[in-house]
Structure formats: structure tokens, C-alpha cells
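Here the structure comes first, spelled out in C-alpha cells, and everything after it is commentary.
Number of protein chains: 2
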Amino acid sequence: MSWKRWVLGSPLETARAHEQRLGVPLALAVFSSDALSSVAYATEEILLVLMTAGALALGYSVWISLVITLLLSLLVASYRQTVHAYPEGGGSYTVARENLGTLPGLVAAGALLIDYVLTVAVSAAAGVAAVTSAVPVLREHRVAMGLLFVGIIAFGNLRGLRESGRIFAVPTYAFIGSLALLLAAGTWRWFAGLPAVEPPVAGLPEVTHTLTLFLLMRAFSSGCAALTGIEAVSNGVKAFEPPETRHAAATLVLMGIILGTYFLGITWLAHTHGIVPGEGQTVISQLGRAVFGTGALYYILQAATAAILLVAANTAFAGFPRLTSILANDRFLPRQLATLGDRLVFSNGILILSAAAMLLIIRYDGDTHALIPLYAVGVFLAFTLSQSGMVMHHLRLREGRYRLHAALSAAGATATGVAVAIIAVTKFTNGAWIVVVLIPILVFAFLRTHRHYFYVRTQLSLVDVEPDRPIRHTAIVPVSAVNRATVYALRYAKSIAHEVEAVHIALDPRRTEQVQEQWKVWGGGVPLRILESPYRSLIRPLVDHVDDLMHGRRRNEMVTVVLPEFVTAHWWEGLFHNQSAFLIKGALLFRPGVVVTSIPFHFKR
Amino acid sequence: MSWKRWVLGSPLETARAHEQRLGVPLALAVFSSDALSSVAYATEEILLVLMTAGALALGYSVWISLVITLLLSLLVASYRQTVHAYPEGGGSYTVARENLGTLPGLVAAGALLIDYVLTVAVSAAAGVAAVTSAVPVLREHRVAMGLLFVGIIAFGNLRGLRESGRIFAVPTYAFIGSLALLLAAGTWRWFAGLPAVEPPVAGLPEVTHTLTLFLLMRAFSSGCAALTGIEAVSNGVKAFEPPETRHAAATLVLMGIILGTYFLGITWLAHTHGIVPGEGQTVISQLGRAVFGTGALYYILQAATAAILLVAANTAFAGFPRLTSILANDRFLPRQLATLGDRLVFSNGILILSAAAMLLIIRYDGDTHALIPLYAVGVFLAFTLSQSGMVMHHLRLREGRYRLHAALSAAGATATGVAVAIIAVTKFTNGAWIVVVLIPILVFAFLRTHRHYFYVRTQLSLVDVEPDRPIRHTAIVPVSAVNRATVYALRYAKSIAHEVEAVHIALDPRRTEQVQEQWKVWGGGVPLRILESPYRSLIRPLVDHVDDLMHGRRRNEMVTVVLPEFVTAHWWEGLFHNQSAFLIKGALLFRPGVVVTSIPFHFKR
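Chains as they are written, first to last, in our numbering: chain Y, 0 to 604; chain X, 0 to 604.
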């Protein structure tokens with residue numbers, strides 16, 4: 000395994016698993032990259048729907064953004080309560096399961112797992128779009144770049160990104176800073192009445208839709224992508240410097256203000272500049288060229304956008320394995336997902352997440368627009384369940400002004416619930432159906448897994464076990480030829496059992512005679528039984544013989560089949576030997592009371 | 000394995016492995032199909048070379064055929080001697096190895112194995128060509144048809160074609176009969192001065208070569224494909240009715256006469272009709288249409304040609320596995336190739352042969368002409384080695400008119416040796432180089448395999464073994480949790496060893512405490528040792544502990560690690576459990592004196 004060590008680094012001690020505590024500035028960088036980065040594509044997605052209904056329809060983009068920003072304030076207010084109620088970390092799964100029951104909890108968990116995968120895929124696709132907007136020749140390689148993007152993050156996470164906070168602060172603040180500059184300069188130019196430095200590249204396409212309420216709702220659904228990731232703070236309260244809840248709440252509000260301002264600002268500026276999404280350039284890129292021109296500032300903006308999207312994808316690489324590990328500990332997923340790998344990371348979860356995201360990127364050709372319809376359903380479903388859980392939480396505990404809190408959470412739950420319905424309906428045929436189908440499948444798998452572990456626990460229970468019941472022991476040594484390996488196996492058999500019997504399966508009369516002859520010298524008093532095999536099978540006569548023995552055995556009798564096994568110095572030398580030990584083991588595996596033991600015989604050089 | 004039974008049929012008893020003895024007429028069908036079927040393509044291959052030098056060059060085809068027919072008589076005469084000298088069956092490998100030494104024997108064996116694969120590939124390609132000549136629309140499916148052709152034969156052989164002789168007599172005699180009719184009718188029409196019923200389809204292509212000696216030699220090399228398969232009789236002398244050698248010799252001569260006559264006749268008729276190979280129709284097909292017209296007789300001719308080629312391919316399916324089994328018994332190939340499968344056939348050999356032939360068909364696009372250059376090198380190399388072996392044989396035994404016999408074999412060896420050289424040189428760049436490279440590689444592999452088995456035999460030898468040396472026994476039971484499976488494993492450990500120790504690898508302090516608590520109740524007096532694992536590895540601390548134990552052990556002490564192993568009712572349920580038993584086994588496999596035993600714990604439903 001030395002190549003694994005070389006690539007991933009030496010194992011890390013459990014004792015090093017302490018988390019660093021974060022202050023507000025660092026926490027903002029760590030927890031808000033996912034949410035903030037969505038402004039890189041949310042406006043574009045709204046315009047993409049509206050522009051099919053002509054120039055007039057585009058004006059609605061600002062109004063839709065306003066509605067989404069209102070929803071944002073409601074969610075921020077509501078999640079502030081979650082932060083205070085769950086200082087240990089209140090993920091949607093935990094909150095929903097604790098307050099609503101197992102099934103809603105699992106639905107939230109399924110929705111979140113899908114959400115994490117899509118966060119990675121969408122962020123990778125949007126990050127690549129930011130790069131190819133600036134460097135158009137790379138456009139044809141976008142799928143490969145997206146895969147590379149995911150591969151790099153997965154690799155970093157498998158090695159264990161211990162320094163998370165510090166290195167992630169740079170791209171997040173670079174993005175916050177360069178967008179602030181863009182919005183300020185853009186607003187100033189608008190007041191000064193200056194024209195765009197570079198006019199927008201794309202014109203309006205042909206009008207294919209009329210402006211209906213359905214179309215507006217679809218645009219709203221698309222814009223909801225802006226709100227993905229805002230729950231991150233409430234999951235990670237424990238990571239804050241004390242007083243944890245107050246710092247977390249402050250970070251949440253700060254993030255909400257930045258996100259809302261930027262989202263509204265970008266939508267408004269895009270509208271005033273008459274920018275629409277076009278082939279090869281994102282809205283942010285066009286806006287950057289209109290305000291800055293194609294200079295250093297523009298390239299910094301694009302680089303910062305790509306970088307924050309990378310960091311956003313990385314968030315999912317922390318969240319997904321943490322959630323699968325919680326689910327595995329609750330026995331809703333296989334136990335292998337519960338354990339830390341030797342670099343102190345949940346390696347299996349990381350591998351599953353990156354594989355799933357890569358598949359999506361390949362399937363949807365690395366296209367952000369194609370992935371977005373799958374995205375928001377899961378996120379908003381988790382929001383709804385989490386808020387509903389909080390309503391129950393307040394009503395149950397009845398602490399302080401619980402009616403007000405419950406009402407706020409209920410408002411949040413209702414608003415996000417309506418949003419889920421709108422998104423699921425308006426995006427159903429564009430891909431949302433996949434998520435609608437996938438969530439029940441995941442929930443079913445969780446429940447089946449749970450049931451399996453329940454049966455296992457029941458059958459492993461120690462009720463009625465007599466700890467000290469003695470075992471009577473018979474050992475069988477199959478002998479195909481008398482050689483050193485056989486003699487070693489025989490010696491071992493004699494040391495573990497009182498009754499030992501050697502059996503030879505007669506395939507070749509000359510061979511059988513030879514074995515019988517040699518047995519007189521080397522058999523050491525153990526009887527040799529010859530089993531006929533009219534069909535030349537090694538396995539059948541042996542299995543039948545063992546069955547015969549077991550048939551007549553007493554209740555506490557066990558049969559051990561002792562096999563010589565050749566261990567060759569090189570793996571390919573194994574091809575030169577029959578794998579009969581393996582086949583015998585497989586054939587006897589399902590027989591209670593039978594144990595198959597291989598005695599390794601080691602070949603040198 | 001019930002699907003395997005359903006497809007391949009029930010196993011057959013060893014007692015049914017008796018061969019039916021063949022009289023001359025049936026033997027001719029069984030042993031000559033390979034040789035006779037080559038007239039279906041040999042003439043065509045000669046013309047294909049000559050026609051590049053223009054119309055005048057085509058006249059040489061008759062002369063080249065005459066030379067090849069002379070070579071044929073020499074070979075028949077020489078192989079008659081082999082039949083008498085090796086009544087047990089004198090394959091080239093046997094004859095060369097016995098008289099010339101191991102290395103020449105292995106070269107012959109390598110050449111023969113390649114020859115068998117090519118027999119299948121070429122016969123399949125030529126058989127498909129016979130069909131597509133008659134039904135041109137099938138031409139584009141020739142690769143698929145070739146694969147199907149091979150697949151059907153492989154399938155038949157895996158089931159065990161017990162009725163070989165009888166069902167193969169039909170296509171062979173149909174071919175012999177319809178070609179006899181073709182030649183007779185063609186000759187009569189020539190004497191009568193009648194024109195062709197249908198003129199040949201293909202005209203001469205542009206002249207691209209001048210008629211050089213090299214070109215003539217290349218045409219000769221191509222025509223040598225006619226002689227492939229004539230050694231079959233000498234391999235199968237044992238299958239004849241007594242007196243075996245006389246019947247075999249008679250069959251050989253009869254086959255030689257038919258083959259020579261047909262080959263010469265076809266070449267001469269093709270020449271008089273001005274037939275050259277063309278797109279989509281074989282020479283035989285054009286000849287058939289010229290003599291019979293496109294009627295019932297023509298279709299019977301094509302069907303019989305395809306059928307005998309199928310039978311010829313089938314010959315290789317008998318020869319290849321028989322040779323690999325002989326080589327495996329001599330320890331030049333893995334032992335798995337030496338044993339009869341449960342349908343009394345050498346299944347592994349059949350699978351390897353068909354896979355190799357299918358690869359060739361795909362690689363060479365199902366084209367006979369492309370495969371032919373690879374074909375004759377191996378065949379003629381085996382001829383040469385076999386004849387040279389016979390020279391040594393006569394000189395060593397000095398029986399009867401041994402000088403005459405030796406001279407005859409020497410003439411055969413020289414002639415075929417010259418042919419090998421001519422073929423290898425003139426066809427080198429067309430593909431013969433592959434065979435020239437492959438034979439040494441095969442011989443190297445044979446020798447490496449042999450060396451491996453030699454080392455194995457040496458290390459398995461019983462020299463210095465004390466049969467009855469007692470073993471001291473320590474058993475270790477790794478305990479991750481105290482449950483029914485653990486208790487069963489502990490019980491087993493106590494029954495096989497005097498010293499038993501339980502070990503727990505501390506990964507989670509709460510778990511460790513719980514195990515220690517429960518051990519007081521269920522441990523049955525066995526000490527529980529806690530092993531620290533700072534890097535959360537299950538394997539490392541266990542392996543280190545075992546190493547410590549082995550370090551201090553006495554010479555006759557063994558350590559058995561007894562592991563509880565979960566056996567689930569469905570294979571996929573295995574995914575819910577750590578495969579740590581498997582990993583522990585792998586980690587301890589290479590430590591002498593350590594045995595790992597799994598005690599299966601069976602889950603219900």
C-alpha cells in the first residue's frame with residue numbers, strides 16, 4: 000500500500016482530530032462560501048427563463064429577486080432560532096427526526112444527500128463557466144475541466160484538509176471584495192450616466208413563450224438556487240469560538256445581508272445594462288466587462304468567482320461524509336461509512352460523493368443550466384422539514400416567547416413549502432422528477448438497511464447462549480497428493496482435534512494407488528478414506544462426505560476441514576495452481592457446524 | 000450453477016470416456032476435413048498474388064500447384080512412416096521432443112498451438128466467405144457471422160460432441176461429392192468446348208508488380224495453405240479399427256490423393272475459365288457458377304464448402320485442448336489445462352482457443368486473405384521439426400531399411416524447411432512476423448511454467464520432514480463486540496488450543512469499556528487484552544501483536560487467529576458488514592506458523 004501512503008500521506012493519530020474554533024470573520028469564509036457563490040449563477044438562471052418571453056419580461060427579474068430576498072430574510076430569521084435551539088449542530092436530518100419522527104428525518108436526509116451531490120456538480124460547472132467566459136478556447140474542454148475540478152477537491156479531502164479555515168478565507172474574501180467593487184463601480188457609472196465599457200455580447204433570442212404566471216413561477220424556481228447553502232451555519236455551531244450560538248447567529252445574519260445585497264445588486268445591474276445570458280459568457284462575466292472592461296480587474300473577478308465556487312464545492316465534501324456517517328451510526332447506511340479513514344476523514348463518503356458528482360457532470364455535459372432544475376427541490380424540501388421541525392420544537396418546549404418563535408418558523412416552513420411545490424411543478428419535466436423519484440428510493444434503502452441491522456442485532460443477541468458448552472471436534476484433511484504441505488496440514492489437524500480423518504478423492508486410479516502407498520509411511524496412523532468421484536468433481540464427494548458426517552453428529556460436534564493452501568511468492572504464480580481451497584470453502588460456507596481452515600504453505604522465491 | 004447445467008447438460012461419468020473406433024471411410028471424414036477444406040481457399044490465395052503481375056503471370060498458378068502437390072506426396076510418404084513408428088499417436092510435439100530434445104519439442108508445440116487458433120479463424124472466415132458469395136447481402140455482417148460460427152463450434156464442444164464421427168461424415172462427403180461433380184463437369188465442358196454458363200465476375204486489376212522470382216515464391220507461400228491439416232491422421236492412429244497403423248496409412252494416402260487431385264483440378268479449371276478473385280465472390284463460387292450456373296447444384300456446392308470448413312474448425316477444437324492437456328501434464332502449462340471438465344471435455348482449452356480465434360477474426364475483419372500470411376509458418380515449422388525428428392528416430396533405431404526411411408524423412412524435412420524459410424521471408428511484413436515473434440514468447444512461457452513447477456516439487460518434497468512432530472497451539476480471538484458470533488468463536492478457540500487469548504482493538508473508548516464489562520460475564524476465564532490503535536487501524540495492532548507472539552515462540556508453536564465471520568443470506572447483505580476478516584487474512588497470509596480460521600455465523604432470512 001505504499002503508493003497509497005505516498006499519494007495520501009501517512010496516517011494521522013486520532014488524538015489530532017481536534018477542530019480549530021472559528022471567529023466570525025473566519026467562520027464567514029468557511030460557512031458562507033456555498034451560499035454566496037450561488038449569486039454567480041442565480042441571476043442568470045432567472046434571465047434564462049424570462050428572456051424566452053421577450054425584452055419586456057426581463058424587467059420582472061428585479062421583482063423576482065426581491066421576492067427571493069424576502070424569502071431569504073425569513074429563512075435567516077428562522078435559522079437564527081435553530082442555532083439557538085441546537086447548539087450541538089442542528090442539521091435538517093437531526094431537527095426533522097427529533098421533532099417530526101423517523102420518516103420525515105429520512106426524507107430530509109435523502110434530500111440533503113442529493114443536495115450535496117448537486118452542490119458539487121453545479122459549483123464545478125459554474126466554476127468552469129467562469130473560467131471559460133474569460134478564456135473561451137477552453138470551452139470545448141468543459142466536461143474534462145469539471146471532472147478535474149471535482150477530482151482536485153476530492154483528492155485534497157482524502158488527504159485531509161486540516162488547514163480549511165485559513166486557505167478558504169482568501170477566495171471568499173476575494174469574491175466578496177471584487178463583487179463589492181463591481182457593484183459600487185456599476186452603480187456609480189449608472190448615476191453618472193456612463194455607457195458600458197464593453198456592450199453585452201448576446202442579443203435576445205426569438206420569443207418562444209408568452210409571459211404567463213407559470214413562466215414567472217418558473218423564473219422564481221430557477222432563482223431559488225440563490226438560497227442553497229444558507230443552512231450551513233446552523234450545522235456547524237460547535238465550530239465557533241464561545242459564546243458559540245451568538246457568534247453563529249451573527250455570522251448567519253451577516254451572510255444573509257451580503258447575499259441579499261449582492262443578489263439584488265447583480266440582478267438590477269444586469270437589467271440596467273440589458274445583459275442576457277448568451278453563448279459562452281456568464282452574466283457576471285458580461286457585467287464585469289461592461290463595468291471594468293477586459294482588464295486586470297475583470298480577470299480578478301472571474302478568478303475570484305471560480306475560486307469561491309471551488310470552495311463551495313468543498314463545503315459539500317465536509318457535509319456529505321458527515322451526514323452519511325451520522326446515518327451509518329444510526330444504522331440507516333452501511334457501517335463502513337461511519338468510520339474515520341486513516342487520514343482522519345470519512346474516505347468512503349468522499350469517494351461516493353465525487354463519483355456521483357462526476358457522473359452528473361458527464362451526463363449533463365458540464366452545463367450549469369441543465370443541472371439547476373435538479374438542484375433546488377432537495378434543498379427546499381430539507382428547509383421545509385427543518386422549519387416544520389422547529390415549529391414542533393417550540394410548541395413542545397414552550398420556552399420564552401415560544402408562540403412568536405413558532406409563528407416565525409411556521410412562516411418559514413410555509414414559504415419554503417410553497418416554494419418546493421412551485422419548483423417541483425414548474426421544473427418537473429426539466430429534471431426535477433429525478434429528485435422526486437430518487438428521494439423515496441433513498442428512504443426505502445435507508446429503511447431496508449435499518450431492518451437488516453435490526454435482524455443482525457437480534458440474531459447476535461446472547462440470550463440463551465451457554466458460554467462454556469464444550470465442543471467435540473472432528474477434523475478432515477483432504478489429500479490430493481502426499482507432500483510436505485499435506486503433512487503439515489495433517490500435523491495441524493492432529494493438534495486441534497481428537498478424531499482426524501484423511502480423505503482422498505479418486506480422480507485418477509494411478510494417483511490414488513500412489514497416495515495409498517505413501518500414506519502408509521506418512522499417514523501417522525490417521526485413516527485414509529478414498530471417496531469415489533464418477534463425475535471428476537473435487538467438491539461434490541467432499542461436500543457429500545461432510546454432510547454424512549454432520550448428519551450423524553451430536554449436538555455439540557463440529558467438523559473442521561483442514562486444507563493445505565499454496566501461498567506463492569508472486570501473485571501470478573497463483574495461476575499455476577487450482578483454486579480448489581477457495582471452491583471448497585465456498586461450497587461448505589453455508590453448512591452450520593462446519594469450519595474450513597487453510598494451512599498456508601509458503602513457497603520461496 | 001443450474002444455468003450452467005441447463006446450457007451444457009449434466010456431467011458425464013468418467014466411465015463413458017471410451018472412444019469409438021473408426022474404419023477408413025469414417026476416419027477419412029474425421030481426419031481429412033481440415034486438409035481437404037483448404038482447397039476452398041488455397042487456389043484463390045495463389046491467384047491473388049499472381050494477378051498483381053498481370054494476365055500472363057496467372058499461367059504460373061498451375062505450375063505452383065504442381066510444386067505444392069509434389070510437396071504433398073513427399074509429406075504423405077513421410078507421415079506414413081510416422082504412423083508406423085508412433086502407433087500411439089505421433090504429434091509433432093511428441094516426435095520432436097522425443098528425438099530432438101525438449102526445446103525443439105516446445106517450438107513445435109508453440110507452432111501447433113498457433114496453427115490451431117489460425118485453423119479456426121481461417122476456416123471460419125472462409126466458411127463465411129462461402130456463404131456470402133452465395134448470399135451477397137450478408138457480406139457486411141461477416142465479422143458477426145464469423146464470431147457466431149466460432150461460438151457455435153465452441154458451444155458444441157463444451158457440451159461434448161460425442162457423436163463426432165457420424166455427423167461429420169455428412170459435410171465431408173457432401174464436399175467431396177460436389178467438388179467431384181464440379182471438376183468432372185468442368186473438364187467435360189472444356190473438352191466439349193462449351194463456354195462458361197456465367198462468365199467470371201471480376202476483371203484483372205491494374206498491374207502493380209513485375210513477375211519476379213520473389214513474387215512466384217510469395218504465390219507458392221500462399222498456396223502452401225493447401226497443406227495445412229495433413230498431419231491429423233498421424234496424431235490419431237489410436238482411434239482406428241485394428242490393424243490401426245495399416246488403416247491409418249491407407250486413410251492418409253487416400254486423403255493425399257483426393258487433396259492433390261482437387262487442388263490441381265480447381266487451379267487448372269480456374270485458369271482455363273480465366274477466373275480471378277474478386278470483390279465478394281470466392282474462386283470456388285465463380286467456378287461453380289461458370290460450370291453449374293446459379294442453380295441448386297451451385298447452392299449445394301457452397302453449402303457443402305461452408306459445412307466442411309465448419310467441421311475443419313471443429314478439428315482444431317479437438318486438437319488444441321488435447322495438446323494443451325499433454326503440455327500441462329508435462330508441466331509446461333498450468334495444471335488446470337490438464338483435467339477433463341464435467342462433460343468429459345477440456346473446457347479451459349476450448350475457451351482459450353475460441354477466445355483467441357474470435358480476437359483474430361475481429362482484428363482481421365473476418366478476412367481470409369488477411370489471415371493466411373499468419374497461417375502457414377507455424378504449420379510448416381511443425382512439419383519440419385516432426386520430419387527431422389523422424390530422421391533421428393530412424394537413425395537411432397536402425398530397423399529394417401532405415402537408411403531409405405531416414406532419407407525420405409530428410410527429404411521431407413528439407414523441403415518443408417525450405418518452405419518455412421520462403422514463407423517467413425515472403426510473408427514477413429504481411430503478418431508472418433507475428434508468428435515469428437510469438438513462438439519464442441510461447442516457448443519462454445512454457446519453460447518458465449516448467450521451472451515454477453520444478454520449484455514447487457522441490458519445496459514440497461518430504462525429505463527431512465518428521466511426520467509426527469507435535470504442535471503447541473495458541474489461539475487468538477479478536478473481539479470487536481461481545482455477541483453470539485464472538486462467543487461461538489471463543490468456544491471454538493477453546494476446543495482447539497490450550498492457550499487462548501482474546502484481543503480487543505481499542506478504536507472507541509465507550510465501546511472498549513462496554514466490551515470489557517461484558518467480557519466479565521461471557522469471557523469464560525479467557526484473558527482479554529486491549530490493543531491500542533492510535534491510527535484507527537484494525538489490522539496493524541493485531542498483526543503487530545501476532546508478530547510479538549511469534550517472535551517469542553518455540554520451534555513447534557503455531558498461532559491460530561479465530562475470527563467470527565458473518566454469512567448473510569443474500570450476497571448484497573455482505574455489503575453491510577466490514578470485510579475485516581478478509582483483510583486480516585490477507586495481512587497474516589505471509590507469516591509462517593500463523594493460521595487464520597473463520598468461524599461462520601449464519602444469519603437467517
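Don't be surprised by glycine CBs; every beta carbon is placed ideally from N, CA and C.
{"Check": "At least one CB of chain Y closer than 9 Å to the CB of T367 of chain X: is that the case?", "Outcome": "no"}
{"Check": "Following the continuous beta strand (DSSP E) through S220 of chain Y, name the residue where it begins and the one where it ends.", "Outcome": "Looking at the DSSP string, S220 of chain Y is not in any beta strand (DSSP E); the run it does join, the alpha helix (DSSP H), is 212-222."}
{"Check": "Below 8 Å CB to CB, which residues in the same chain sit around L394 of chain Y once its five sequence neighbours on both sides are set aside?", "Outcome": "Y401, A405"}
{"Check": "In chain X, which residues lie with their C-beta within 8 Å of the C-beta of I538 of chain Y?", "Outcome": "Here the premise fails: no neighbours, minimum Cβ distance about 11 Å."}
{"Check": "Are A224 of chain Y and Y374 of chain Y close, meaning C-beta to C-beta below 9 Å?", "Outcome": "yes"}
{"Check": "Could you check whether H272 of chain Y and A289 of chain Y sit closer than 9 Å to each other, using their CB atoms as the reference points?", "Outcome": "yes"}
{"Check": "For L25 of chain X, would you say it is in contact with chain Y, using Cβ-to-Cβ distances shorter than 9 Å as the test?", "Outcome": "no"}
{"Check": "Could you give the residue range of the beta strand (DSSP E) that holds I360 of chain X?", "Outcome": "Element bounds for I360 of chain X: not the beta strand (DSSP E) but the alpha helix (DSSP H), 346-362."}
{"Check": "Counting contacts by CB-CB distance shorter than 9 Å, is P333 of chain Y in contact with chain X?", "Outcome": "yes"}
{"Check": "Closer than 7 Å between beta carbons: that is the criterion. Which residues of the stretch 518-552 of chain Y meet it against chain X?", "Outcome": "W521, G523, P533, Y534, R535, S536"}
{"Check": "With DSSP as the reference, label R590 of chain Y as helix, strand or coil.", "Outcome": "coil"}
{"Check": "So, A605 of chain Y versus S122 of chain Y, is the Cβ gap smaller than 9 Å?", "Outcome": "Here chain Y comprises residues numbered 0 to 604, so residue 605 of chain Y is not present and cannot be evaluated."}
{"Check": "Would A56 of chain Y and L65 of chain Y be called neighbours here (beta carbons separated by less than 9 Å)?", "Outcome": "no"}
{"Check": "Establish whether the CB of A129 of chain Y and some CB of chain X are separated by less than 9 Å.", "Outcome": "no"}
{"Check": "Alpha carbons only, please: which of X:I45, X:F30, X:Y78, X:E43 is nearest the one belonging to T383 of chain X?", "Outcome": "X:Y78"}
{"Check": "Is the separation between the beta-carbon of L215 of chain Y and that of I63 of chain Y shorter than 9 Å?", "Outcome": "yes"}
{"Check": "Count the other CB atoms within 10 Å of the CB of E230 of chain X; is the residue buried (16 or more) or exposed (fewer)?", "Outcome": "buried"}
{"Check": "Using a 10 Å radius around the Cβ and a threshold of 16 neighbouring Cβ atoms, would you call P198 of chain Y buried or exposed?", "Outcome": "exposed"}
{"Check": "Are the beta-carbon atoms belonging to L610 of chain X and W521 of chain Y less than 9 Å from one another?", "Outcome": "No information on residue 610 of chain X is available, as it lies outside the stretch 0 to 604 that chain X covers here."}
{"Check": "Considering only their Cβ atoms, is the gap separating T171 of chain Y from L35 of chain Y smaller than 9 Å?", "Outcome": "yes"}
{"Check": "What three-state label does DSSP hand P533 of chain X in the structure shown?", "Outcome": "coil"}
{"Check": "For R490 of chain Y and A480 of chain Y, I'd like the C-alpha separation in whole angstroms.", "Outcome": "15 Å"}
{"Check": "What whole-angstrom Cβ distance do R114 of chain X and A381 of chain X have, given they're in contact under 8 Å?", "Outcome": "Here the sequence assigns Asp to residue 114 of chain X, which means Arg is not the residue at that position. Indeed they touch by this definition, with Cβ atoms about 6 Å apart."}
{"Check": "Rounded to a whole number of angstroms, what is the C-alpha to C-alpha distance between L147 of chain Y and T81 of chain Y?", "Outcome": "37 Å"}
{"Check": "Closer than 8 Å is the cut-off here; do at least three beta carbon pairs connect the stretch 525-535 of chain Y with the stretch 558-567 of chain Y?", "Outcome": "no"}
{"Check": "Mind pulling the chain X residues with CB within less than 8 Å of A444 of chain Y?", "Outcome": "None at all; the shortest Cβ gap to chain X is about 11 Å."}
{"Check": "Is T605 of chain X near G292 of chain X, with beta carbons less than 9 Å apart?", "Outcome": "Since the displayed chain X opens at 0 and closes at 604, residue 605 of chain X lies outside it and no answer follows."}
{"Check": "Specify the secondary structure class of V476 of chain X as computed by DSSP and reduced to three states.", "Outcome": "strand"}
{"Check": "Using the C-alpha atoms, what's the distance from D507 of chain Y back to G255 of chain X?", "Outcome": "39 Å"}
{"Check": "For F600 of chain Y, name the three-state secondary structure that DSSP assigns.", "Outcome": "strand"}
{"Check": "For the stretch 347-365 of chain X and the stretch 137-154 of chain X, state whether three or more C-beta atom pairs, one from each stretch, are separated by less than 8 Å.", "Outcome": "yes"}
{"Check": "Mind listing the chain X neighbours of S629 of chain Y? Cutoff is C-beta to C-beta under 9 Å, in chain order.", "Outcome": "There is no way to answer for residue 629 of chain Y, as the model of chain Y reaches only from 0 to 604."}
{"Check": "Quick one: which unbroken beta strand (DSSP E) runs of 3-plus residues sit fully inside the stretch 88-140 of chain Y? Chain order, please.", "Outcome": "none"}
{"Check": "DSSP three-state call for V442 of chain Y: helix, strand or coil?", "Outcome": "helix"}
{"Check": "Name, in chain order, the residues that DSSP records as bridge partners for L562 of chain X.", "Outcome": "X:S597"}
{"Check": "Which residues does DSSP list as the beta-bridge partners of M557 of chain Y?", "Outcome": "Y:H472"}
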